[in-house]
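Before any comments, here is the structure.
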Amino acid sequence: MWGLRYDEFSPSPLCLSLSFSDCLCLSLTVSLSLSHSVSFFSLTRSLSLSLYLSPRCEYLSTWAVLMVKYIKVTLGQNNLIVVTSFLCFSPQVGRSRSSGLCFSDGKCHIDYILVYRKSGPQSEKREIFERNIRAEGLQMEKEASTTDVIFLKLHAPWEVLCRYAELMNIRMPFRRKIYYMHRRYKFMSRMEKRINRFRGWLPRKPMKFDNNTLPDLEENESFTAPFSRSRIHHFTIHNKDTFFNNATRSRIVHHILQRVKYEEGKDKMGLNRLLSNSSYEAAFPLHEGSYRSKNSIRTHGAENHRHLLYECWAWWGVWYKYQPLDLIRRYFGEKIGLYFAWLGWYTGMLFPAALVGLMVFLYGWFTLDHCQVSKEICQATDIIMCPICDEYCPYLRLSDSCIYAKVTHLFDNGATVFFAVFMAVWGEFLSFSINIIAFCVLQEEIRPQFEAKYSKKERMNPISGKPEPYQAFTDKYSRLIVSASGIFFMILVVIAAVFGIVIYRVITVSTFAAFGWALIRNNSQVATTGTAVCINFCIIMLLNLYEKVALLLTNLEQPRTESEWENSFTLKMFLFQFVNLNSSTFYIAFFLGRFTGRPGAYIRLINRWKLEECHPSGCLIDLCMQMGIIMVLKQTWNNFMELGYPLIQNWWTRRRLRQEHGPNAKASFPQWERDYNLQPMNAYGLFDEYLEMILQFGFTTIFVAAFPLAPLLALLNNIIEIRLDAYKFVTQWRRPLPSQAKDIGIWYGILEGIGILSVITNAFVIAVTSDFIPRLVYAYKYGPCAGQGRAGERCMMGYVNASLSMFRVSDFENTSVYRDYREPPDSPGEPYSYTLQFWHVLAARLAFIIVFEHMVFTIKNLIAYLIPDLPKDLRDRMRREKYLIQEMMYEAELERLQKEKNEKKKNYRAHHNALP
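If you count the sequence shown from 1, position 733 lands on 713 in this note's numbering, and the numbers rise without skipping.
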């Protein structure tokens, strides 16, 4: 805390001199803009710093780095300004060895780390590789650990960064953003001012971030353009050491390493091959220091961006806060930042879906006592149902399924159709709105594997006009045919597993019916369904080995770019996982109990086992159990594997290090060794994270009419998932390689496909699986209110008897009933033939499916028409940026021509003066 006198007529800027224990003298020039109406303000820009070191500072050899988080200026008595500075001093040289962020000289920043062992194989390839690295201009330094592990530190000088930034078309800031508002928006601006003034009276939003804690990211406030050395003076370069941030530097170094040869031959190149043959154990960029600090971030500021991300994002105490997406993008790259932006958007969209689903469930709960169908089932003590299996299953009374009828009403009630329409529109809107993100166009690079494989054949790129490797048509499609055959075979394996589950259900229902425990014997059908779902979950997890086959098939196709490789691998894995996860659910929803025949003429499996029938209260309870158990178990297992498994591994590593080097060993390790002891990121990048969320989206939308609580479970899981992923990325994993992305890739097309499929499946679930259509037909056509044009609980009296058919049992003195619309055995017409009510219900089901699908798709197309692909202000900013880039190129060309003209004049004058 410092005090100085402020004169309101004194010129700006204001100079402030501070001293710290005679060790460091700081001269700080601040551009102040203080208003008498404002009690304080936060200052994050217009800072001019200069450092003067005292000879008494022995631990600071040349210079130090000052990170100014923000300065709070309050106006005290007699115009005395009280300056509270939140400063974080990190002496660069003094901490370089301990923190491990620089070479031993304390100046060269470490951009990448390669790790190998002295006793490791392929030493000759490694030597050639490192020699070629030096030839590319990268600086290297080796550091040995206490064991035989060697750390190879890489640094890219300014010239190398500029050369490859131009080659990779990396966009860099060149002009600050200035937005102009058209005159016709003056009225809107006045309205916004009034609204903002009204908001100022309201309490501060708890989810909103305190912007003072975030750094000033210059690239967020500037337009960007592809970097060019010939136009370098147009870019905003304040400091060459910080112009390329750490993420960009690491990406450039990785690009170089992927194209450096380790042996003679066109395909003998790339870091990935050396990692696969164990020449190197690991390769990763460094984290920017520790994510913890002894001092509070509120009083001392953040030590580094990693610490800031932990405090503002990965810490469980900020689970309700918005995500700092700009900081995530800066630290981890655009691809990871885009994933968390999509995950946050998807989680926010789950709030209305979860609220409506909960209201549907509560509506069923509060109307449970007024449900006429449940009352009739619970009171039907004299109605005997046919046994569900051949030998051990007894005859049951219809009233025995009273509890299941009430549970079914919680999910299948009058609000279910509205919820299905809402979720179908919601799913279509979600998949459509994500397209707004995909507006950036990036020029992709050719994969080194593709370049090495097809370097002999080249053709001109129609866009760039440069020669590039070319894959022949016959070679490409022959590989695709082989890959498609492999996918088809693996899907058949999944279907075979589902067929095994069906056989298990058919056989086990008889076993449970003869079980010794009365609880299981009386609920044999529910026990069969529950155990079958658990076995199905185990099969789902065991068949995850398909990823090895998908990786082999994807590499066989030889995709041209990294995005094509990722899209191909993603599509294979999604098709398999989707079929693996949902095949049993489709069976229960649309096939269970549909093709069993009737008593006396059952359809049998292998002429032995009778196919499984639905519960007397309907098939919806089986579908609800399937979805609930799979969804809860799958999400619990995924969360454990994502965080629990890395935590256990890192704990075991720390335990081993404490045993070998003492209790404080980790604190004395440099940053590269601490990062090496962390777990590497998944080899497939963000694939597992996206796949988990997309499969969850499918569960939330495809069969949501049968399980309205699915959005609520998904919402609770995603609130935890965001912080789990954040904690994992910041604390448990090595820093992943930052990479660019223009959108979420093929996942957008998959989301659209799931949205369309959800409309169809929900229409069939309501029309076929639930009893909504039969009840509707009975109320308007056959019930007490037939012909009156109204429907209600009173109109459903007698529905249960109308939905049952009779069967005469020869060794039973009475008749038993079963769920179907068939003539009685003593009918004057053909016994056991379908009644007229069956055909009415069938026609109503088909009509409902057609009307439901057309209505939802009409609403979806209307929303797509009303909402533009890009908001107008965003489109204007993109046009503004494009205009400024063209202007910059035009100015650069004029400068070049002017320079050539001046050179010609100079040469002409020199030649003229040389003449006698």
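We treat Cβ as the ideally placed atom computed from N, Cα and C, and that holds for glycine.
Confirm, please, whether the CB-CB distance from residue j to residue i is below 7 Å.
{"i": "residue 146", "j": "residue 84", "result": "no"}
{"i": "residue 438", "j": "residue 447", "result": "yes"}
{"i": "residue 609", "j": "residue 513", "result": "yes"}
{"i": "residue 224", "j": "residue 141", "result": "yes"}
{"i": "residue 746", "j": "residue 397", "result": "yes"}
{"i": "residue 661", "j": "residue 716", "result": "yes"}
{"i": "residue 739", "j": "residue 833", "result": "yes"}
{"i": "residue 334", "j": "residue 101", "result": "no"}
{"i": "residue 354", "j": "residue 385", "result": "yes"}
{"i": "residue 319", "j": "residue 666", "result": "yes"}
{"i": "residue 568", "j": "residue 603", "result": "yes"}
{"i": "residue 623", "j": "residue 714", "result": "no"}
{"i": "residue 303", "j": "residue 324", "result": "yes"}
{"i": "residue 105", "j": "residue 721", "result": "no"}
{"i": "residue 296", "j": "residue 588", "result": "no"}
Quick check on residue i: buried or exposed, where buried means 16 or more other Cβ atoms within 10 Å of its Cβ?
{"i": "residue 612", "result": "exposed"}
{"i": "residue 375", "result": "exposed"}
{"i": "residue 213", "result": "exposed"}
{"i": "residue 898", "result": "Outside the displayed span of the chain (-19 to 896) sits residue 898, for which this structure offers no information."}
{"i": "residue 114", "result": "exposed"}
{"i": "residue 8", "result": "Low per-residue confidence applies at residue 8: pLDDT is 41, beneath 50, and the placement is therefore not dependable, though the value from the model is reported in the following sentence. Buried."}
{"i": "residue 766", "result": "exposed"}
{"i": "residue 366", "result": "buried"}
{"i": "residue 218", "result": "exposed"}
{"i": "residue 174", "result": "exposed"}
{"i": "residue 522", "result": "exposed"}
{"i": "residue 462", "result": "exposed"}
{"i": "residue 435", "result": "exposed"}
{"i": "residue 628", "result": "exposed"}
{"i": "residue 899", "result": "Since the first residue shown for the chain is -19 and the last is 896, residue 899 is missing from the structure and cannot be characterised."}
{"i": "residue 863", "result": "exposed"}
{"i": "residue 964", "result": "Any property of residue 964 remains undetermined from this structure, which presents the chain solely from -19 to 896."}
{"i": "residue 764", "result": "exposed"}
{"i": "residue 350", "result": "exposed"}
{"i": "residue 128", "result": "exposed"}
{"i": "residue 221", "result": "exposed"}
{"i": "residue 594", "result": "buried"}
{"i": "residue 177", "result": "exposed"}
So what does DSSP say about residue i, is it helix, strand or coil?
{"i": "residue 203", "result": "strand"}
{"i": "residue 88", "result": "coil"}
{"i": "residue 766", "result": "coil"}
{"i": "residue 492", "result": "helix"}
{"i": "residue 779", "result": "helix"}
{"i": "residue 447", "result": "strand"}
{"i": "residue 709", "result": "helix"}
{"i": "residue 589", "result": "strand"}
{"i": "residue 267", "result": "coil"}
{"i": "residue 621", "result": "helix"}
{"i": "residue 581", "result": "strand"}
{"i": "residue 437", "result": "coil"}
Rounded C-beta distance between residue i and residue j? I'm assuming under 8 Å.
{"i": "residue 651", "j": "residue 254", "result": "So it is not a contact: roughly 23 Å between Cβ atoms."}
{"i": "residue 215", "j": "residue 137", "result": "Wrong, their Cβ atoms sit about 18 Å apart, outside the cutoff."}
{"i": "residue 203", "j": "residue 861", "result": "5 Å"}
{"i": "residue 699", "j": "residue 327", "result": "7 Å"}
{"i": "residue 541", "j": "residue 426", "result": "6 Å"}
{"i": "residue 801", "j": "residue 828", "result": "Not quite, the Cβ-Cβ distance comes to about 17 Å (not below 8 Å), so this is no contact."}
{"i": "residue 757", "j": "residue 821", "result": "5 Å"}
{"i": "residue 583", "j": "residue 591", "result": "6 Å"}
{"i": "residue 464", "j": "residue 865", "result": "Actually they are not in contact, since the Cβ atoms of residue 464 and residue 865 sit about 42 Å apart, beyond 8 Å."}
{"i": "residue 470", "j": "residue 556", "result": "6 Å"}
ask   = Between the segment 519 to 535 and the segment 552 to 563, do at least 3 Cβ pairs fall closer than 8 Å?
value = yes
message = Would the segment 568 to 584 count as touching the segment 688 to 700 if we require 3 or more Cβ pairs under 8 Å?
response = no
request  = Would you be able to state if there are at least three C-beta pairs under 8 Å between the segment 677 to 690 and the segment 558 to 573?
outcome  = yes
ask   = Would you say the segment 280 to 292 touches the segment 708 to 722, given that touching needs at least three Cβ pairs under 8 Å?
value = Contact between the segment 280 to 292 and the segment 708 to 722 is present, because at least three Cβ pairs lie under 8 Å.
ask   = Quick check: the segment 383 to 403 against the segment 340 to 360, are there 3 or more CB pairs under 8 Å?
value = yes
inquiry  = I want to know whether the segment 84 to 100 touches the segment 230 to 249 - three or more CB-CB distances under 8 Å.
reply    = yes
ask   = Taking three-plus beta-carbon pairs below 8 Å as touching, is the segment 778 to 786 in contact with the segment 620 to 635?
value = no
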